[in-house]
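K.L.:
Numbering (our numbering), first residue to last: -3 to 130.
Built from N, CA and C at the ideal position, the CB exists for glycine as well.
1. Quick check: the Cα distance between residue 126 and residue 120, rounded to an integer number of angstroms?
2. For residue 79, does the count of other Cβ atoms within 10 angstroms reach 16, so buried, or fall short, so exposed?
3. Residue 48 and residue 23 - do their beta-carbons sit closer together than 8 Å?
4. Go ahead and pull the three-state DSSP assignment for residue 107.
5. Assuming residue 14 contacts residue 43 (C-beta within less than 8 Å), just tell me the rounded distance between them.
6. Could you say which of 26, 83, 21 and 3 lies nearest to residue 37 if we only look at CA atoms?
7. For residue 76 versus residue 122, is the C-beta spacing smaller than 8 Å?
8. Can you tell me where the alpha helix (DSSP H) with residue 80 in it begins and where it stops?
9. What is the rounded straight-line gap between the Cα of residue 19 and the Cα of residue -1?
10. Quick check on DSSP: helix, strand or coil for residue 28?
11. Pull up the distance between the alpha-carbon of residue 12 and that of residue 46, whole angstroms please.
12. Going by CA-CA distance only, name the one from 72, 101 and 109 that's closest to residue 89.
13. Applying the criterion that 16 or more other CB atoms from any shown protein chain within 10 Å of the CB defines a buried residue, is residue 33 buried or exposed?
Okay, here's the thing in C-alpha cells:
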C-alpha cells in the first residue's frame, strides 16, 4: 500500500519536472542541463546513504536508531529527489546522444535508439543482479 503510494507520487512529480526541464532546455545547453540533473540526483542519493551500516552493529543495541540512519522521511525525500532528477536527465542524455551518433547508426532497425534501450535494460538487469547478490 505505501510503496504504491510512493510510486504514484513519483509518477505525478515526474510530469512537472519534465515540463520544467523542457522549458529550461530552450535556454541552456544539454550538457549543462544533464550535469545539473545528475547533481540533483546525487543530492537525493545523499538522503539515502546510511553511514551507520559501515560500522560494527553486532555489538550495538541501538542499530539504526542514530540520527545518521535513514528513516522513512529521509528515504521518501531522497527517493523522490533522485528519481525525478534521473528521469529529467534521461531526456538530455538522449538529446546529446542523438547529436553525436553518426548518421549511419541513425537508420534501420538497429539504430541508436534501440541500442540505448538495450544498454539501459542490460544495465538495469545487471544492477538488479548485483543488488540480489548483495
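P.N.:
Answer, in terms of the structure:
1. 10 Å
2. buried
3. no
4. coil
5. With a Cβ gap of about 22 Å, residue 14 and residue 43 do not count as contacting.
6. 83
7. no
8. 68 to 96
9. 31 Å
10. helix
11. 29 Å
12. 109
13. buried
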